Amino acid sequence: MAILLLGALCLSPDVSLAQDLTGRVAGFRPRVYAITGARLVRAPGREDRRGTLVIRDGVIVAAGADAVVPPEAVIVDGSGLIAYAGFIDADAGDLLAEKAALPSPPGRPVNFSRYVLAATRPDNRKSLTPQFAAGSALHLDAGRLTGIRQQGFTSVHVVPDGRIASGTTALVSTAGLPPRESIVSEPPLATFALRPPGGNGYPSTLMGAHAHLRQAFLDARRFARHRQLYTAAVPSVPRPPADEVLEALDQVLGHRRRPAFRVGTRDDIHRAIAFCREHKIHPVLLGVDSATECLEQLEKGRFDLLLSMRFGAEPKIRPESSPDKLIASLTDPLKVQHDKRQKWFRRVRGVGRLQRRGLGLAVGSRGLKDRGELLREIRRAIAHGWSVSDALAALTTGPARILGLPKRLGTLDPGRLGHVALWTGRFEDSGSRVRFVLVDGVLFEYSKSAKPRPSATSGPAPPATHSPPPPPLPRSTIDEPTRPSEIESDRLKRSVTTGGNVLIRNATV
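The opening residue of the sequence shown carries number 86 in the working numbering; numbering runs sequentially from there.
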């Protein structure tokens, strides 16, 4: 693709955009870019077949077919390419320093040889670090950022994990600038997990983790009230302690910071919702592997989900092992294999159902090898009925809204940050490649030999939704032996609401 330098740029022959320049360099830097001739996907379901995008100082100032190119702009020829708003990875941890220093304020010592500890210490902070800020422990490795950009991602939501209260998150750009210039928003969320941290000390059980966090929240309420009374100089009120943990939790209880609870199973989801209802807070749910098993409750609460896309390989049905042969391990009974396969399909096809139920949705790469694998899982869900428009929303406008930046990220409209990725084709096409990435005023070029895909140069825009493919025909198991077994699905109460429009009563189907 030809890149032309106009105006003042003609005086700077050393500016090279063909390299992957990570970070700022000394000397002249262009301030204005104009992407011309590209198909602009302005937002999910809204496109310009051919238009111009003007970005000044990292912010979009004009977009559309009538946008005027400033004379000083660096022109990026987008002919045959598709411009998307930069994707947002909504749940990741690989940009955190592996050995980040966690806050561990010393507590009051207890003389166990003289006194019996009949109560939990008020300063017991095991696995509670809500004051930890992910933005203070970033590890923006240049090679890792390059791999992220090559998949079209311009922002990563860095989420700390591993403790009952892990700390606050940070939204980081992938431009490769220093951390102080890379943080887009901090802190969007405060993260929690109702699970024991491990070890021999309290809390070491699921019940203990619940009790530990509940007590911390109750202490935070009391701490906030205590501080109010002391500030008002109420007589006989002693001086409250300085406690960063309780201050951080008070921000959550006071609705000044949004909580996010990491959940996996159906029971995890129920526990987190019940816990938050008790403390009158409305959480974002992280992970949510079993979201399709709790559709009614999630829809009722109108929760936002930062969804895990770890589908794994499609389970295959294998014939049971012959009892006459000596083998290392037995295959699962056919009933169990079919149940695993049904659960897999239910989860892959259920992603689209979450958005149709009105739930806010974003997707993240946590647990996956890289962002390329995340895109492969998204394409797999699209192949099983997830609409392309909804999938694009889960990568752009969905996370932008959940993280509190709907007017800064997610679309290619004036006023938004100039986070743009130019693809050789539709992102849902596995053969498409990222050609250019523009983020925070830095232009990166990749895949020089990649040619525009046919979908990028011709044909109407895809519809916002499309009908899912018909379900596969049942596999014949007439000659296969069966083994009596009970599985979890046999004991689940089936929901009456299925999303269909026909209800049959008192009949044998």
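Glycine included, C-beta positions come from ideal geometry on N, C-alpha and C.
Note that this is a predicted model, so its numbers are computed, not measured.
Could you check the C-alpha separation between residue i and residue j for me, to the nearest Å?
i      : j      : result
SER164 : ALA123 : 5 Å
THR137 : GLU157 : 15 Å
ALA546 : PRO484 : Interpretation of ALA546 is limited by its pLDDT of 49, a score under 50 that renders its predicted location unreliable; the figure taken from the coordinates is listed afterwards. Approximately 23 Å, taken between the alpha carbons.
ASP328 : GLY452 : 34 Å
ARG590 : LYS428 : 26 Å
GLN235 : LEU303 : 46 Å
ARG403 : ASP424 : 13 Å
LYS420 : VAL369 : 35 Å
SER375 : THR316 : 46 Å
ASP51  : ARG324 : No statement about residue 51 is possible, as the shown extent of the chain runs from 86 to 594 and does not include it.
VAL241 : LEU488 : 11 Å
PHE360 : VAL448 : 24 Å
PRO191 : LEU331 : 15 Å
ARG464 : ARG210 : 43 Å
ASP179 : LYS533 : 28 Å
VAL144 : ILE354 : 39 Å
HIS469 : ARG426 : 14 Å
VAL524 : ALA260 : 6 Å
ASP514 : TRP508 : 10 Å
ALA128 : ILE173 : 14 Å
ARG193 : LEU371 : 35 Å
VAL348 : VAL161 : 43 Å
LEU298 : ARG486 : 28 Å
VAL522 : THR231 : 10 Å
ALA466 : GLN313 : 51 Å
LEU432 : ARG441 : Here residue 432 turns out to be Arg, not Leu, going by the sequence shown. In a straight line, the C-alpha of ARG432 is about 15 Å away from that of ARG441.
VAL243 : THR253 : 9 Å
Evaluate residue i with the Cβ neighbour count: other Cβ atoms within 10 Å of its Cβ, from every protein chain shown; 16 or more gives buried, anything less gives exposed.
i      : result
GLY92  : In this predicted model, GLY92 has a pLDDT of only 43, less than 50, meaning its place in the structure is not dependable enough to derive any value.
GLU462 : buried
HIS340 : exposed
MET394 : buried
LEU411 : exposed
THR481 : buried
VAL257 : buried
GLU399 : exposed
ILE228 : Here the sequence assigns Gly to residue 228, which means Ile is not the residue at that position. Label assigned to GLY228: exposed.
ASP352 : exposed
GLU378 : buried
LEU415 : exposed
ARG387 : exposed
CYS95  : Note that CYS95 has pLDDT 39, beneath the 50 cutoff, so the model's placement of it is unreliable and no number is given.
GLU266 : exposed
GLN336 : buried
VAL133 : In the sequence under discussion, the amino acid at residue 133 is Asp, which differs from the Val named in the question. Counting Cβ neighbours within 10 Å, ASP133 comes out buried, since at least 16 surround it.
From the DSSP secondary-structure annotation, give me the bridge partner or partners of residue i.
i      : result
ILE167 : ARG124 and TRP508
TYR118 : ILE140 and VAL159
ASP389 : VAL369 and GLY445
THR515 : In the sequence under discussion, the amino acid at residue 515 is Ser, which differs from the Thr named in the question. In the DSSP output, where bridge partners are listed per residue, SER515 has none listed.
ILE358 : Per DSSP, none; premise fails for ILE358.
VAL527 : VAL524
Does any residue of chain C have a CB that is nearer than 8 Å to the CB of residue i?
i      : result
HIS504 : This model lacks chain C altogether; it includes just one protein chain.
Sufficient close CB pairs (3 or more, under 8 Å) joining the stretch 497–510 to the stretch 443–462 = Here the stretch 497–510 does not lie against the stretch 443–462, with fewer than 3 beta-carbon pairs under 8 Å apart.
Specify whether the stretch 247–261 and the stretch 217–226 touch according to this definition: at least 3 beta carbon pairs, one from each stretch, less than 8 Å apart.
-> Touching, yes.
Are at least three pairs of beta-carbons, each pair with one atom in the stretch 221–231 and one in the stretch 176–192, less than 8 Å apart?
-> With the cut-off at 8 Å, the stretch 221–231 and the stretch 176–192 touch.
Minimum length 3: unbroken beta strand (DSSP E) runs contained in the stretch 467–511 = If we require 3 residues or more, the beta strand (DSSP E) runs fully inside the stretch 467–511 come out as 505–508.
Touch check for the stretch 266–278 and the stretch 332–351: three-plus C-beta pairs under 8 Å?
-> The stretch 266–278 is in contact with the stretch 332–351.
Which whole runs of the beta strand (DSSP E) in the stretch 187–271 are 3 residues long or more, in chain order?
-> Fully enclosed beta strand (DSSP E) runs of 3 or longer: 238–243, 250–253, 255–258 and 268–270.
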